[in-house]
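Single-structure report; data block below.
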Amino acid sequence: MIPLFKVFLPPKDELLPELEKVLYSGYIGQGPKVEEFEKEFGLYIGTDKVLSVNSGTSALHLALRLAGVSGGEVITTAMTCTATNFPILANGAKIVWGDINPLTGMLDPDDVEKKITKNTRAIMVVHWGGMPADLGNLSDVAKRHGIPLIEDAAHALGAEYDGRKIGNQTADYTCFSLQAIKHITTVDGGVLIANDPEQYRRGKLLRWYGIDREGPRKDLRCEEDVVEWGYKFHMNDVTAVMGLVALRHLTEQVSKHRMNALLYDYEIDNRKIRKPWGYPGGQSSYWLYTLQVPKRDQFVKYMAKLGIATSKVHSRNDTHSVLREFKIDLPGVDEFTRKMVAIPVHSGLTAEDLITISSAVNDW
Numbered sequence: 002m003i004p005l006f007k008v009f010l011p012p013k014d015e016l017l018p019e020l021e022k023v024l025y026s027g028y029i030g031q032g033p034k035v036e037e038f039e040k041e042f043g044l045y046i047g048t049d050k051v052l053s054v055n056s057g058t059s060a061l062h063l064a065l066r067l068a069g070v071s072g073g074e075v076i077t078t079a080m081t082c083t084a085t086n087f088p089i090l091a092n093g094a095k096i097v098w099g100d101i102n103p104l105t106g107m108l109d110p111d112d113v114e115k116k117i118t119k120n121t122r123a124i125m126v127v128h129w130g131g132m133p134a135d136l137g138n139l140s141d142v143a144k145r146h147g148i149p150l151i152e153d154a155a156h157a158l159g160a161e162y163d164g165r166k167i168g169n170q171t172a173d174y175t176c177f178s179l180q181a182i183k184h185i186t187t188v189d190g191g192v193l194i195a196n197d198p199e200q201y202r203r204g205k206l207l208r209w210y211g212i213d214r215e216g217p218r219k220d221l222r223c224e225e226d227v228v229e230w231g232y233k234f235h236m237n238d239v240t241a242v243m244g245l246v247a248l249r250h251l252t253e254q255v256s257k258h259r260m261n262a263l264l265y266d267y268e269i270d271n272r273k274i275r276k277p278w279g280y281p282g283g284q285s286s287y288w289l290y291t292l293q294v295p296k297r298d299q300f301v302k303y304m305a306k307l308g309i310a311t312s313k314v315h316s317r318n319d320t321h322s323v324l325r326e327f328k329i330d331l332p333g334v335d336e337f338t339r340k341m342v343a344i345p346v347h348s349g350l351t352a353e354d355l356i357t358i359s360s361a362v363n364d365w
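Take 2 as the starting number for the sequence shown in the numbering used here and just add one per residue.
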């Protein structure tokens, strides 16, 4: 079976010596390697407001806390992983579903603006499959109403909008995932970029119980006064080392995904099958290559018989029992989910794999 995803790890002779050093260094919690990883990650994105955490979900949870959504509403998309939306509930806020553009699977700015009320505390946008959302119009809506814009960029590490990396001043908060099957991985981990200096400083405290680890102390192990409670969301030096080594390969990884997508763009016949569609100014990192295929469920079975894994990857969130109180009509989501399916686009694919997959899609 050609897998839908493949974990990328750097070569053993590059990764294992670095891991061994930190594992036996006597310091495996949050330490100098975490700081080094944050610096290198920031150089890649183009920011110095990087907060590493233990998962992409933690990054989203922390962003929502910093945005002050408790007791209010967050306009978000149902077309995403539940990791996007469950932190909204965990922060004591209500979900308001924005509809999506059925061509892209991403939030429709016009529909978002219609649903803003005096209780709206944030807008959560997902860059589906690594394709940047309509950031120009969404940013305009957010600024017009004085509402923070939060990017779930779990799919979109390396993606760009208007020539800047996603996370480089593209929203108030940007959240990345370093989970196992992303472009690069720390086994699990995440990054929050908080562009406001004060919120960045606050986020640094809240990711570790609210404790100021950089302030003066009378006792090495005992914290001074904690003014706001926080979480245990921090990254550790072991996963940070994995991230540091993987970062050396990130540009190549994103380029491979893009080259594979380019071949599909050229080879797959679009007369009956719709290929990924993006917004002007956006350049995808192609974590997913999403098709819209008539008789999608039959297509999935057909591809499996040929040894090719395909999947919807994420199902619409608004069908879950835990979210039933927020149910509304979402015709854009209805249309997109009827036909959408992802085919393999990861860096482990060979030229033969790519031709096999595109030929199978065309034969279907």
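Using N, Cα and C, we set each Cβ at its ideal position, and we do this for glycine too.
query, result
"Would you say the beta carbon of residue 51 is closer than 7 angstroms to some non-hydrogen atom of the ligand FAD?", "With respect to the ligand FAD, the structure offers nothing, as it holds no ligand at all."
"Where do the ends of the alpha helix (DSSP H) carrying residue 200 lie?", "198-207"
"Taking DSSP as the reference, what is the three-state secondary structure of residue 186?", "coil"
"Do residue 303 and residue 365 come within 8 angstroms of each other at the CB atom, strictly closer than that value?", "yes"
"Assuming residue 156 and residue 191 are in contact, meaning their beta carbons sit under 8 angstroms apart, how far apart are those beta carbons, in whole angstroms?", "Actually they do not touch by this definition, with Cβ atoms about 13 angstroms apart."
"Is it true that the CB of residue 344 sits closer than 8 angstroms to the CB of residue 323?", "no"
"What residues in its chain sit with their C-beta under 7 angstroms from that of residue 240, if we drop five residues either side in the sequence?", "187, 188, 190"
"Quick check on residue 5: does DSSP put it in helix, strand or coil?", "coil"
"Given this structure, state the Cα-to-Cα distance separating residue 358 from residue 309, to the nearest angstrom.", "7 angstroms"
"How close, in whole Å, do the beta carbons of residue 286 and residue 160 come, if the pair is a contact with beta carbons under 8 angstroms?", "4 angstroms"
"Using 8 angstroms as the cut-off, can you tell me whether the segment 195-207 makes contact with the segment 64-76, which would need three or more C-beta pairs spanning the two stretches below that distance?", "yes"
"Alpha carbon to alpha carbon, how far is residue 25 from residue 107? Give it in angstroms, no decimals.", "45 angstroms"
"Using a Cβ-Cβ cut-off of 6 angstroms (strictly less than) and excluding sequence neighbours within five positions of residue 209, which residues of its own chain qualify?", "235"
"Between the alpha carbons of residue 232 and residue 275, how many angstroms are there, rounded?", "43 angstroms"
"Assuming residue 238 and residue 32 form a contact by the criterion Cβ under 8 angstroms, report the distance between their Cβ atoms to the nearest whole angstrom.", "5 angstroms"
"Taking Cβ positions, are residue 399 and residue 117 nearer each other than 8 angstroms?", "No information on residue 399 is available, as it lies outside the stretch 2 to 365 that the chain covers here."
"Helix, strand or coil for residue 235 per DSSP?", "strand"
"Do residue 294 and residue 340 have their beta-carbon atoms positioned less than 8 angstroms apart in this structure?", "yes"
"I need the DSSP call for residue 336, collapsed to helix, strand or coil.", "helix"
"Identify whether residue 76 lies in helix, strand or coil by the three-state DSSP scheme.", "strand"
"How many Å lie between residue 150 and residue 282 at the Cα?", "18 angstroms"
"From residue 57 to residue 273, what distance separates their C-alpha atoms?", "36 angstroms"
"With DSSP collapsed to three states, give me the class of residue 100.", "coil"
"Between which two residues does the alpha helix (DSSP H) containing residue 46 stretch?", "33-46"
"DSSP puts residue 166 in a beta bridge; with which residues?", "161"
"According to DSSP, is residue 293 helix, strand or coil?", "strand"
"Can you tell me which of the three DSSP states residue 298 falls into?", "helix"
"State the Cα-Cα distance for the pair residue 179 and residue 306, rounded to the nearest angstrom.", "32 angstroms"
"Have a look at residue 37 and residue 63 and give me their C-alpha separation to the nearest angstrom.", "21 angstroms"
"May I ask which residues mark the beginning and end of the beta strand (DSSP E) holding residue 213?", "Run containing residue 213: none; DSSP gives neither H nor E here."
"Could you pull out every residue in the same chain whose Cβ sits closer than 7 angstroms to the Cβ of residue 85, ignoring the five residues on either side in sequence?", "61, 77, 125, 127, 153"
"Could you give the DSSP three-state label for residue 224: helix, strand or coil?", "coil"
"Out of 311, 261, 298, 177, point me to the one whose CA is closest to residue 349's CA.", "261"
"Could you work out which residue in 327, 326, 319 is closest to residue 334 when comparing CA atoms only?", "319"
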